[in-house]
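S.K.: Residue numbering for the sequence shown is 86 to 352, as defined by the working numbering. Think of the CB as a built atom: it goes at the ideal place given N, C-alpha and C, for glycine as much as any other residue.
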Amino acid sequence: MFDDISFLVQETLKESQNPNRGRGFFSFQSKNNNIPEESCGVLYRIQKNAATFVIRIHVCDDLKETYQNIIKHPDLFPSLRFEAEDILEEELKFFICDSLEFAESIKSKLANKRFPINEEDVFNISDPGDSWWLKQDNGQLNIYFKLSHTQEMQDLIKLGPLGDPEHSLEQFGKLYGYFKMLFPLQDYSSGFGQFSLTTEEKDHPLFKQFSRLLSRGDVSADFWEYLRDIEKENSDKPYIKSLRSANYFLMELASTRRFWLEVQSQL
């Protein structure tokens with residue numbers, strides 16, 4: 086999987102430079118008649134009531150063809166849980182991914198789980214919710230994997246349930262050297278339910294891009310090109326596999342964050 090990271094970064098760079106693909110990396114469109122040809126990703130619908138919602142997801146390697154098949158034969162796609170009274174053209178949405186692996190990752194993290202619409206209003210100590218929360222402050226980034234009453238809500242950005250907290254903490258814990266390649270680090274820690282890093286240069290362009298990746302799910306084309314370049318420059322180093330893994334982790338994180346923003350906009 087990680088051997089394909091250079092290809093994925095190149096494809097990502099092409100997408101972000103293509104004005105006809107909507108919003109660039111991990112593009113999505115609200116009008117389903119605009120689905121590009123031969124694009125992979127997820128087709129999904131949101132089932133919600135007054136307090137909670139569930140995302141039904143189908144992964145496919147050809148969004149346009151599969152979308153048309155679902156509209157014609159919804160009974161062949163039971164995972165989407167359509168009923169006779171549903172207006173399929175209104176409910177069925179799509180989200181483009183640059184890799185089926187990213188689409189599968191989104192499905193594994195978010196499909197068929199019941200989420201509260203206003204999570205911050207219902208969490209408690211025994212069940213602090215699934216979302217990650219981001220705090221940005223003068224060159225410091227803190228990701229809280231479980232919300233508690235000690236945090237000031239007005240200072241936090243809700244990122245959504247972007248991954249298993251334990252696994253993600255483990256991943257971030259391995260990336261000190263990686264982030265140090267990107268921008269100067271003053272402090273770095275991962276554990277006890279949160280990840281934190283502080284840079285010595287709060288206006289460093291790569292730090293700002295990483296912050297943007299977390300908050301918005303997208304970055305400039307220059308950022309992905311830089312990741313591609315450092316892979317090329319270090320292709321003969323013993324840590325190249327770890328470098329590819331780290332790049333992939335950021336790309337996967339961006340895709341999930343981007344998708345969650347799309348879902349939030351429909352609640």
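(1) Applying the criterion that 16 or more other CB atoms from any shown protein chain within 10 Å of the CB defines a buried residue, is Leu161 buried or exposed?
(2) If you follow the alpha helix (DSSP H) that Gln239 is in, where does it begin and where does it stop?
(3) Suppose contacts are defined by Cβ-Cβ distances below 8 Å. Is Gly258 in contact with Lys194 by that definition?
(4) Could you have a look at Asp272 and say whether DSSP puts it in helix, strand or coil?
(5) Does the Cβ of Ile156 have 16 or more other Cβ atoms within 10 Å, making it buried, or fewer, making it exposed?
(6) Taking the alpha-carbon positions, what's the Gln279 to Leu128 distance?
(7) Could you check the C-alpha separation between Asp206 and Trp345 for me, to the nearest Å?
(8) Pick out the complete alpha helix (DSSP H) segments inside the region 178-216, 4 residues or longer, and give them in chain order.
(9) Does DSSP classify Val139 as helix, strand or coil?
(10) Near Gln256, what residues of its chain come up, given a Cβ to Cβ distance below 7 Å and the 5 sequence neighbours on each side ignored?
M.R.: From the atom records:
(1) exposed
(2) It is not in any alpha helix (DSSP H) - Gln239 carries neither H nor E in the DSSP assignment.
(3) no
(4) strand
(5) exposed
(6) 32 Å
(7) 19 Å
(8) 185-195
(9) strand
(10) Phe334
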